[in-house]
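Q:
In our numbering, the protein residues as written are 1025 to 1370.
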């Protein structure tokens, strides 16, 4: 088993091992006294793994309840969030009980935000079942829901007490969802360089799944340890995300997060090369890698549409958007851009 510590406002471990899902109850009972455990999951994930997680939790002495949301970005809404809070209240869930986020990034965001705010905070664990959640969203404590104005506009930092990653769950992941996870891995490869980038560059993500997941988690853990609340170094993890979130919003969230991030990375590195922040060869390398994993590098949305969608981005501070700009493999910079000047980057 691979165990990666995360030091934050709550310290915890990310455990990575094939077959781990069958021991979630045992591992959770080491961290909290068995009580009620509310599994929060979606309509695609729960039929695949809900029974197994229920049984392992029951075997460890937990009373198991279930909340199944509607799936996709619509689940990250005030309406679904309210339904989950009311479900917890109606089920008499207390501060000694836990939430179990079983699924991808949407489930983790929703369950985490509910855990953070219900009764001013109850414990939760993450069981990521998508590549994107395994390498990124399940680690670091960002929780949020969407508002009409944009993505992740209501949220907070709230750490889980554990992350249980079973790479075997990725075997049931649709190709499109796997591809989205690859976008985040490309991001980490560009940020960190080294062996991870070499693996990404060679097209070897799937062949080296566990090692790649562990590498990404270690990178994120190190950054979260330095900057839990996203005021400095952690901003680097937003590579491709500012424009990516605008693409998602313009599409009504029909464009998947990973695909949107890929478009965002491609647009940023093109602009960076044009402005002299990086070489044209770096631009070509990053775009070629994205294409290697069948990720999009263009969008049909106009500059005006993307600008309008960007105005409500949560990363805007003091009238400036903080863009993450690649300089070379293993090195990116934070470039603060006036909103009025953002057009030049799109």
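Cβ atoms here follow ideal geometry from the backbone N, Cα and C, with glycine treated the same way.
Quick check: residue 1073 and residue 1185, are their CB atoms within less than 9 Å of each other?
A: Taking the chain shown and counting its residues from 1, one reaches residue 1073 at position 49. Taking the chain shown and counting its residues from 1, one reaches residue 1185 at position 161. Going by C-beta atoms, residue 1073 is not nearer than 9 Å to residue 1185.
Q: How big is the Cα-Cα spacing for residue 1280 and residue 1290?
A: As a first step, residue 1280 must be located in the chain shown, where it is residue number 256. As a first step, residue 1290 must be located in the chain shown, where it is residue number 266. Their backbone Cα atoms lie some 16 Å apart in a straight line.
Q: Exposed or buried, what is residue 1406 when buried is set at 16 or more other beta-carbons lying within 10 Å of its beta-carbon?
A: In this structure the chain extends from 1025 to 1370, so residue 1406 is not present and cannot be described.
Q: Going by alpha carbons, who is nearest to residue 1141 out of 1160, 1169, 1153, 1155?
A: Reading the chain shown from its first residue, position 117 is the one you call residue 1141. Of the candidates 1160, 1169, 1153, 1155, the one whose C-alpha sits nearest the C-alpha of residue 1141 is 1169.
Q: For the pair the stretch 1052-1068 and the stretch 1113-1130, tell me if three or more CB-CB distances fall below 8 Å.
A: The stretch 1052-1068 is in contact with the stretch 1113-1130.
Q: As a quick exercise: from 1153, 1104, 1209, 1235, pick the residue whose alpha carbon is nearest that of residue 1224.
A: The residue given as residue 1224 occupies position 200 in the chain shown. Cα-wise, what sits closest to residue 1224 is 1209.
Q: Is the stretch 1175-1192 touching the stretch 1211-1226 in the sense that three or more CB pairs, one from each, lie closer than 8 Å?
A: Touching, no.
Q: Should residue 1285 and residue 1207 be called a contact, given that it needs their Cβ atoms to be closer than 9 Å?
A: Residue 1285 sits at position 261 when you count from the first residue of the chain shown. Residue 1207 sits at position 183 when you count from the first residue of the chain shown. In contact: residue 1285 and residue 1207 (Cβ atoms closer than 9 Å).
Q: Determine, using beta carbons only, whether residue 1139 and residue 1147 come nearer to each other than 9 Å.
A: Position 115 of the chain shown, counted from the first residue, corresponds to residue 1139. Position 123 of the chain shown, counted from the first residue, corresponds to residue 1147. Yes; because the gap between Cβ atoms is below 9 Å, this pair is in contact.
Q: Pair every Cβ in the stretch 1260-1268 with every Cβ in the stretch 1348-1355, then say whether three or more of these pairs are closer than 8 Å.
A: Counting Cβ pairs under 8 Å, three or more are found: they touch.
Q: Identify whether residue 1119 lies in helix, strand or coil by the three-state DSSP scheme.
A: One-based indexing of the chain shown puts residue 1119 at position 95. Three-state result, residue 1119: coil.
Q: Going by DSSP, name the residue or residues bridged to residue 1150.
A: By one-based count along the chain shown, residue 1150 stands at place 126. Note: residue 1150 sits in a beta bridge opposite 1125, 1187.
Q: With DSSP collapsed to three states, give me the class of residue 1091.
A: Indexing the chain shown from 1 puts residue 1091 at position 67. Three-state DSSP puts residue 1091 in a strand.
Q: Assuming residue 1257 and residue 1243 make a contact with CB atoms under 8 Å, what is their CB distance in whole Å?
A: Looking up residue 1257 in the chain shown gives position 233. Looking up residue 1243 in the chain shown gives position 219. Not quite, the Cβ-Cβ distance comes to about 11 Å (not below 8 Å), so this is no contact.
Q: Please report how far the alpha carbon of residue 1325 lies from the alpha carbon of residue 1087, in whole angstroms.
A: In the chain shown, the residue the question calls residue 1325 occupies position 301. In the chain shown, the residue the question calls residue 1087 occupies position 63. Each residue's alpha carbon lies about 48 Å from the other.
Q: Return the first residue and the last residue of the beta strand (DSSP E) that residue 1192 is part of.
A: Counted from its first residue, the chain shown places residue 1192 at position 168. That residue, residue 1192, is in no beta strand (DSSP E); it is neither H nor E in DSSP.
Q: Answer with buried or exposed for residue 1323, where buried requires no fewer than 16 other C-beta atoms within 10 angstroms of its C-beta.
A: The residue labelled residue 1323 in the question sits at position 299 within the chain shown. Per the 10 Å Cβ criterion, buried.
Q: Using the beta-carbon count (16 or more within 10 Å), is residue 1172 buried or exposed?
A: For the purposes of this step, residue 1172 is taken as residue 148 along the chain shown, with counting starting at 1. The residue is exposed, with fewer than 16 neighbouring Cβ atoms inside 10 Å.
Q: Return the CA-CA distance between residue 1274 and residue 1287, expressed in angstroms with no decimal places.
A: Taking the first residue of the chain shown as 1, we reach residue 1274 at position 250. Taking the first residue of the chain shown as 1, we reach residue 1287 at position 263. Taking the straight line from one Cα to the other gives about 13 Å.
Q: May I have the straight-line CA-CA distance separating residue 1232 from residue 1191, to the nearest angstrom?
A: Here residue 1232 corresponds to residue number 208 of the chain shown, with the count starting at 1. Here residue 1191 corresponds to residue number 167 of the chain shown, with the count starting at 1. In a straight line, the C-alpha of residue 1232 is about 11 Å away from that of residue 1191.
Q: List in chain order: all unbroken beta strand (DSSP E) runs of 3+ residues lying wholly within the stretch 1180-1248.
A: Entirely contained in the stretch 1180-1248, the beta strand (DSSP E) runs reaching 3 residues are, in chain order, 1186-1189.
Q: Since residue 1167 and residue 1133 should fall inside the 8 Å C-beta cutoff, what is the C-beta to C-beta distance between them, to a whole number of angstroms?
A: Mapped onto the chain shown, residue 1167 falls at position 143. Mapped onto the chain shown, residue 1133 falls at position 109. About 6 Å; that satisfies the 8 Å criterion.
Q: I'd like the list of long-range same chain contacts for residue 1315, defined as Cβ closer than 8 Å, with 5 residues on each side in sequence excluded.
A: What you label residue 1315 is simply residue 291 of the chain shown in a count that begins at 1. These residues qualify, in order along the chain: 1321.
Q: With three or more beta-carbon pairs closer than 8 Å as the criterion, would you say the stretch 1155-1166 touches the stretch 1090-1103?
A: Not touching, per the Cβ criterion.
Q: Based on Cα-Cα distance, which residue from 1188, 1211, 1165 lies nearest to residue 1268?
A: What you label residue 1268 is simply residue 244 of the chain shown in a count that begins at 1. Ranking 1188, 1211, 1165 by Cα distance to residue 1268 puts 1211 first.
Q: Would a C-beta distance cut-off of 9 Å place residue 1131 and residue 1193 closer than the cut-off?
A: In the chain shown, residue 1131 corresponds to position 107, counting from 1. In the chain shown, residue 1193 corresponds to position 169, counting from 1. In this structure, residue 1193 does not lie closer than 9 Å to residue 1131 by Cβ.
Q: Which same chain residues end up closer than 8 Å to residue 1304 when comparing Cβ atoms and leaving out the 5 residues on each side of it in sequence?
A: Reading the chain shown from its first residue, position 280 is the one you call residue 1304. So the qualifying residues of the chain are 1297.
Q: Quick check on this structure: which residue in 1239, 1113, 1108, 1294 has the alpha carbon closest to the alpha carbon of residue 1029?
A: Within the chain shown, numbered from 1, the residue matching residue 1029 stands at position 5. Of the candidates 1239, 1113, 1108, 1294, the one whose C-alpha sits nearest the C-alpha of residue 1029 is 1239.
Q: Based on the DSSP secondary-structure assignment, which residues constitute the bridge partners of residue 1166?
A: Taking the first residue of the chain shown as position 1, residue 1166 is located at position 142. In the DSSP output, where bridge partners are listed per residue, residue 1166 has 1181.
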